[in-house]
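Quick notes on the structure that follows.
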Amino acid sequence: PEVARHLAMLDNRVPRADYLAAIPWFVERAEEVEPLLISELRGGGPGAARAADLLGRLGLPSSVPALAEALGSDRMTVRSAAGMALAVHPAPMALESLAEAARSGTPEAATAALDGLAVREGDPGVCPAISAAMARDDEAILHHARLAAQARGC
Numbered sequence: 580p581e582v583a584r585h586l587a588m589l590d591n592r593v594p595r596a597d598y599l600a601a602i603p604w605f606v607e608r609a610e611e612v613e614p615l616l617i618s619e620l621r622g623g624g625p626g627a628a629r630a631a632d633l634l635g636r637l638g639l640p641s642s643v644p645a646l647a648e649a650l651g652s653d654r655m656t657v658r659s660a661a662g663m664a665l666a667v668h669p670a671p672m673a674l675e676s677l678a679e680a681a682r683s684g685t686p687e688a689a690t691a692a693l694d695g696l697a698v699r700e701g702d703p704g705v706c707p708a709i710s711a712a713m714a715r716d717d718e719a720i721l722h723h724a725r726l727a728a729q730a731r732g733c
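Next up, the structure:
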């Protein structure tokens, strides 16, 4: 019942303050709840974006493939949340996933990845990843790449 009650906080219809108050509970049980969060993310339901956010906060390396996959979601909120989650994720694979999506993902995945790269702190691989996206022939991608380069001082 306690797990179900906390998982219900992922629903985007639950007030954000209630969701934020539940985050410490998830952090204390990171390894236990990670598979449930990945399932929620892959299910694409109303809790998918918050599941992505939590996976980034938890920072377990095993969540990176699911977050990278979510960059290709058909829902903008999920793509954006996955990009931001990978931006704060400490695993080196997170940067690699953002770089790959920016370099060769769909325009939607690339822009979400570039938005994540724009806020990823302290990683020397960010500017080369953004630079590689500048070679893409898509105005939206180029726009997001320019914004990311400006934000990171590339």
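Here my numbering is used: the first residue of the sequence shown is 580, the next is one more, and so on. The beta-carbon is built from N, C-alpha and C at its ideal position, and this holds for glycine as well. Fair warning: this is a prediction, and the values are worked out from it, not measured in the lab.
Item, Value
"Exposed unless 16 or more other CB atoms sit within 10 angstroms - verdict on ARG715", "buried"
"CB-CB length for LEU620 against ALA601, believed under 8 Å", "So it is not a contact: roughly 16 Å between Cβ atoms."
"SER652 (DSSP reduced to helix, strand or coil)", "coil"
"Residues near GLY684 by beta carbon distance below 8 Å, same chain, minus five either side", "LEU650, GLY651 and ALA692"
"MET663 vs VAL643 beta-carbon contact at 7 Å", "no"
"Where ASP632 falls: helix, strand or coil (DSSP)", "helix"
"Environment of GLU718 [buried if 16+ CB atoms lie within 10 Å]", "exposed"
"Close beta carbons around ASP590, own chain, < 7 Å, minus the five adjacent residues each side", "PRO625 and GLY626"
"GLY695 versus LEU637: straight-line alpha-carbon distance, rounded", "17 Å"
"Coil, strand or helix - GLY662 by DSSP", "helix"
"Backbone CA spacing between VAL582 and ARG595 [nearest angstrom]", "18 Å"
"Distance between PRO707 and GLU764 (C-alpha atoms, nearest Å)", "Because the chain spans 580 through 733 in this model, residue 764 falls outside it and cannot be assessed."
"Rounded Cβ spacing between LEU639 and ALA609 (contact assumed at less than 8 Å)", "6 Å"
"C-beta contact flag for ALA724 and ALA712 at 7 Å", "yes"
"PRO703 to ALA688 span [Cα, whole Å]", "22 Å"
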